[in-house]
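Asker:
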Amino acid sequence: MLRLHDLQARGLDPVSLTVNDGACVAIYGASGAGKTVLLRAIADLDENAGEAETENITRSVVPAPEWRRAVTYVPAESGWWADRVGDHLQESPLCHDLLTDVGLPSDCLTWEIARLSTGEKQRLALVRALLCDPEVLLLDEPTAALDPAATERVENVLTAAMARGLTLVIVSHEAAQAKRLDATVATIENGQVRLDADGEAP
Numbered sequence: 001m002l003r004l005h006d007l008q009a010r011g012l013d014p015v016s017l018t019v020n021d022g023a024c025v026a027i028y029g030a031s032g033a034g035k036t037v038l039l040r041a042i043a044d045l046d047e048n049a050g051e052a053e054t055e056n057i058t059r060s061v062v063p064a065p066e067w068r069r070a071v072t073y074v075p076a077e078s079g080w081w082a083d084r085v086g087d088h089l090q091e092s093p094l095c096h097d098l099l100t101d102v103g104l105p106s107d108c109l110t111w112e113i114a115r116l117s118t119g120e121k122q123r124l125a126l127v128r129a130l131l132c133d134p135e136v137l138l139l140d141e142p143t144a145a146l147d148p149a150a151t152e153r154v155e156n157v158l159t160a161a162m163a164r165g166l167t168l169v170i171v172s173h174e175a176a177q178a179k180r181l182d183a184t185v186a187t188i189e190n191g192q193v194r195l196d197a198d199g200e201a202p
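Taken in order, the sequence shown gives residues 1 to 202; the numbers are from this note's numbering.
1. Could you check how far apart the C-beta atoms of GLU47 and MET1 are, in whole angstroms? I think they sit under 8 angstroms.
2. What three-state label does DSSP hand LEU62 in the structure shown?
3. Among residues of its own chain, excluding the 5 on either side of SER78, which ones have a beta-carbon nearer than 6 angstroms to its beta-carbon?
4. Assuming LEU137 and ALA129 are in contact, meaning their beta carbons sit under 8 angstroms apart, how far apart are those beta carbons, in whole angstroms?
5. If you pair each beta-carbon of the region 13-33 with each one of the region 160-178, do three or more pairs fall below 8 angstroms?
6. Around the C-beta of GLN177, are 16 or more other C-beta atoms found within 10 angstroms, so that it is buried, or is it exposed?
7. Considering only the beta carbon of each residue, do ILE42 and ALA186 sit closer than 8 angstroms?
8. One question on the structure: do GLY50 and ASP6 come within less than 8 angstroms of each other, judged by their Cβ atoms?
9. Take every Cβ of the region 105-114, pair it with every Cβ of the region 139-159, and state whether three or more of those distances are shorter than 8 angstroms.
10. Contact defined as beta carbons within less than 8 angstroms: I believe ASP147 pairs with VAL171. What is the distance between those atoms, to the nearest angstrom?
11. Per DSSP, ASN48 forms a beta bridge with which residues?
12. Given a cut-off of 8 angstroms on the beta-carbon distance, is the pair THR184 and VAL25 in contact?
13. Look up ARG164 in the DSSP assignment and say whether it is helix, strand or coil.
14. To the nearest whole angstrom, what separates the beta carbons of GLU135 and ALA70, a pair I think is in contact under 8 angstroms?
15. Please determine, among GLU53, ARG3, THR159, TRP81, the residue with the shortest C-alpha to C-alpha distance to ALA114.
16. For PRO65, does the count of other Cβ atoms within 10 angstroms reach 16, so buried, or fall short, so exposed?
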């Protein structure tokens, strides 16, 4: 569960919103509308006001690293601080299962980061985040660089994670993605976050 109480950030009006366990909100809006600003505010990465909480913790009363472990933000362009993929992922049966599920071979753990495509980085960043077992996952355009087959794999992984209780907030560029993820649609326009009653992405 993720609950926002009058969360306010640069260019955005206060946002109050609840996303239940196992549910998804898909955020749409024009370029520059504030979609990434909202995700980064929820993760407390940029200056903001208001409050956020999960089922187990309240943002204002825990250290920032603890909050970000529970509410994990995956940016559109992920960061990599070591040379090899395996330096960023804890090898385990779950890790190998997730790599297979997103369409990557297990031996990708030996690959150099420099050889990765944008789409491979996006899928590996998702695996890295899921291995941390967050309560809430904030995803910024996680399938923007993927072909339809890889997108389907990622969406299947997300659907399975939500079935286990993961709460998901996703910024998307694809109108049909919300429907495939059975998501509530939110649109950002003129600084206001509006839930769409018809559930259709613009």
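Cβ atoms here follow ideal geometry from the backbone N, Cα and C, with glycine treated the same way. Everything numeric in this text was worked out from a predicted model, so none of it was measured.
Answerer: Put simply:
1. 25 angstroms between Cβ atoms; not a contact.
2. For clarity, residue 62 is Val in the given sequence; the question names Leu instead. Per DSSP, reduced to three states, the secondary structure at VAL62 is coil, with no helix or strand assignment.
3. Shown here for SER78: same chain residues with a beta carbon closer than 6 angstroms to its own, the five before and five after excluded, namely LYS121, ALA125 in chain order.
4. 6 angstroms between Cβ atoms; contact.
5. Yes: the two stretches touch, three or more of their Cβ pairs being nearer than 8 angstroms.
6. It is buried - the Cβ of GLN177 has at least 16 other Cβ atoms within 10 Å.
7. Contact: no.
8. For the pair GLY50 and ASP6, the CB atoms are nearer than the 8 angstroms cut-off.
9. Because the criterion of three Cβ pairs below 8 angstroms is not met, the region 105-114 and the region 139-159 do not touch.
10. Not really, about 19 angstroms apart at Cβ, beyond 8 angstroms.
11. According to DSSP, which records beta bridges pairwise, ASN48 is partnered with ALA9.
12. Cβ distance < 8 angstroms, so THR184 and VAL25 count as in contact.
13. ARG164: coil per DSSP, three-state reduction.
14. GLU135 to ALA70, Cβ: 5 angstroms. Contact.
15. Looking at GLU53, ARG3, THR159, TRP81, the one whose alpha-carbon comes closest to that of ALA114 is TRP81.
16. Exposed is the label assigned to PRO65, since fewer than 16 other Cβ atoms lie within 10 Å of its Cβ.
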